[in-house]
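Visitor: Residues 1059 to 1377 (my numbering) are what the sequence shown spells out, left to right.
Please see the structure below; I have some questions.
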Amino acid sequence: MSLQNKHHQPSEWSRRFSGRSYEEEYPPLGAITSLGRKMRIETSTPSSENYFDHEDGTKKLDFSEDSPYFEPFTPFDICFSRKNYFNVEGTGHSSVLRPGMVVLKRYINVRDQIQIVKTCQELGKGPGGFYQPGYKSGAKLRLQMMCLGLNWDPETREYEELRSFDGCEPPAIPGKFLRLVQRAIQDAHALIEKDLIANNVEEILPAMSPDICIVSFYNTRGRLGLHQDRDETNYSFQKGLPVISFSVGDSAEFLYSDERDSENAEKIVLESGDVLIFGSESRLVFHCVSRIIPNSAPVLLLERTCLRPGRLNLTFREY
């Protein structure tokens, strides 16, 4: 068969219309033909028969609210509700990791995370703001730091009212941070009471009123070695007053152990919005940030803040 003949073979439709007039073969747009009625009836489903009269093409049903065929129309929104998207929280699995140590997964909603970043950015660019701490030997910590309330000097491991290297007074802890801390303590108590079936939650994890906040920013190569937080007062240690940590931005691998032994330490991943609390029996637990996980921060957080790649960490203590 030649290529020309192949292209001009009559189709199934051509054969069905053979011998018909031009008007019948090519009816005006919208016209209802006898063949059209026949085809529609032959191929119609029960549901389509309920909706159309196949003789004249008119609708048969009443679509009023009283009709059994009425279906309310809800327009589709291609975007999430802004309110719901901002306020999603607590979707992870919060747990008591050990006596006196609790993690509240994704506890801080995205709206509050955005406010935390913006507040820290504003404070961090002012007097007493972010700097890279170091030692007299010239070694530098692999993070940027800012202290609120009191300044912590990594060289002397002491707190001071003025920052020693520039004489700046640390900014005050914002009230919204303090309120979030108190809410986290209350919810941690509720979790302990539920999981451990305990009534002595204040002994397992004491309440506290923070007057110090150390704000640290780790870039994607940042880390912090295994250490204890033991530079507060003896009163704070004797009471077992907890350290409360907020994580914002990229996730971090967090190790903790009773010994200075990273090889056998327990590991959890702290994600953006997580709150970690450790006090009482766990107050002097060894802990470290072993790795920052790149590209793990919430997209909305990055879009609204332009936060650099890395992890923002706020740790609250009572001196």
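For each residue, glycine too, the CB sits at the ideal point set by N, CA and C.
Computed from a predicted model, the values in this text were never measured in an experiment.
#1: Pull up the DSSP beta-bridge partners for Phe1336, would you.
#2: Under 8 angstroms: do the segment 1249-1262 and the segment 1356-1369 share three or more Cβ pairs, one atom per stretch?
#3: For the structure I just gave you, are there three or more beta carbon pairs, one from the segment 1242-1252 and one from the segment 1268-1284, closer than 8 angstroms?
#4: Straight-line CA distance for Asp1308 to Leu1220?
#5: Gly1182 lies in the alpha helix (DSSP H); which residues open and close that run?
#6: Are the segment 1314-1327 and the segment 1287-1299 touching by the rule of at least three beta carbon pairs closer than 8 angstroms?
#7: Counting C-beta neighbours from all protein chains within 10 Å, is the total for Val1306 16 or more, i.e. buried, or is it exposed?
#8: Give me the Cα-Cα distance between Tyr1217 and Gly1337, rounded to the nearest whole angstrom.
#9: Taking all protein chains shown into account, do 16 or more other C-beta atoms lie within 10 angstroms of the C-beta of Arg1215, making it buried, or fewer, making it exposed?
#10: Let me make sure I understand the geometry here. Which of Glu1339, Phe1312, Ser1330 has the alpha-carbon closest to that of Leu1358?
#11: On the DSSP letters alone, give me the boundaries of the beta strand (DSSP E) that Thr1214 sits inside.
#12: Measuring only the C-alpha atoms, how far is Glu1100 from Asp1124?
#13: Between Leu1284 and Ala1310, which are expected to be in contact by the criterion C-beta below 8 angstroms, what is the C-beta distance as a whole number of angstroms?
#14: Would Asp1316 and Leu1238 be called neighbours here (beta carbons separated by less than 8 angstroms)?
#15: With H, G and I counted as helix, E and B as strand and the rest as coil, what does DSSP make of His1285?
#16: For Asn1167, which of Leu1370, Thr1373, Pro1356, Glu1339 has the nearest alpha-carbon?
#17: Kindly indicate which three-state DSSP category Leu1313 falls into: helix, strand or coil?
#18: According to DSSP, Thr1373 sits in a beta bridge with which residue or residues?
#19: Could you give the first and the last residue of the continuous beta strand (DSSP E) run that contains Glu1324?
#20: DSSP three-state call for Tyr1165: helix, strand or coil?
#21: DSSP on Val1343, reduced to helix/strand/coil?
#22: Could you tell me the boundaries of the beta strand (DSSP E) in which Gln1202 lies?
#23: Taking Gly1184 as the reference, which of Cys1205, Gly1280, Leu1342 has the closest Cα?
#24: Should Arg1369 be labelled buried (16 or more other beta-carbon atoms within 10 Å of its own) or exposed?
#25: Spatial neighbours of Asp1289 within its chain, please: C-beta separation below 8 angstroms, excluding the five flanking residues on both sides.
#26: In the DSSP assignment, find the alpha helix (DSSP H) that holds Phe1223 and state where it starts and stops.
#27: Is DSSP giving Gly1186 helix, strand or coil here?
#28: Closest to Asp1224 by C-alpha separation, out of Pro1157, Ile1172, Gly1186, would be which residue?
#29: From the DSSP secondary-structure annotation, give me the bridge partner or partners of Val1154.
#30: What distance in whole Å lies between the Cβ atoms of Leu1201 and Pro1228, which are believed to be in contact at a cut-off of 8 angstroms?
#31: First and last residue of the alpha helix (DSSP H) that includes Ala1246?
#32: Roughly how many angstroms separate the alpha carbons of Pro1236 and Thr1177, rounded to a whole number?
Guide: On the basis of the data shown:
#1: Met1159, Val1301
#2: no
#3: no
#4: 31 angstroms
#5: 1168-1182
#6: no
#7: buried
#8: The C-alpha of Tyr1217 lies about 20 angstroms from the C-alpha of Gly1337.
#9: With fewer than 16 other Cβ atoms inside 10 Å of its own Cβ, Arg1215 counts as exposed.
#10: Closest by alpha carbon: Ser1330.
#11: Here Thr1214 belongs to no beta strand (DSSP E), and DSSP marks it neither H nor E.
#12: Residue confidence is low: Glu1100 scores 43 on pLDDT, short of 50, so the model does not pin down where it sits. Its coordinate-derived value is still stated next. One C-alpha to the other measures close to 31 angstroms.
#13: The pair is not a contact, with the Cβ atoms about 14 angstroms apart (cut-off 8 angstroms).
#14: no
#15: strand
#16: Pro1356
#17: Residue state, collapsed to three classes: strand.
#18: Ile1272, Ser1303
#19: Start and end: 1324-1328.
#20: coil
#21: coil
#22: 1202-1206
#23: It is Cys1205 whose Cα lies nearest to the Cα of Gly1184.
#24: Label assigned to Arg1369: buried.
#25: Trp1210, Arg1215, Glu1216, Tyr1217
#26: That residue, Phe1223, is in no alpha helix (DSSP H); it is neither H nor E in DSSP.
#27: coil
#28: Gly1186
#29: Val1160
#30: Actually they do not touch by this definition, with Cβ atoms about 17 angstroms apart.
#31: Boundaries of the alpha helix (DSSP H) harbouring Ala1246: 1233-1253, taken from the DSSP string.
#32: Before going on, a small fix: residue 1236 reads as Leu here, not Pro. One Cα belongs to Leu1236, the other to Thr1177, and the distance between them is close to 13 angstroms.
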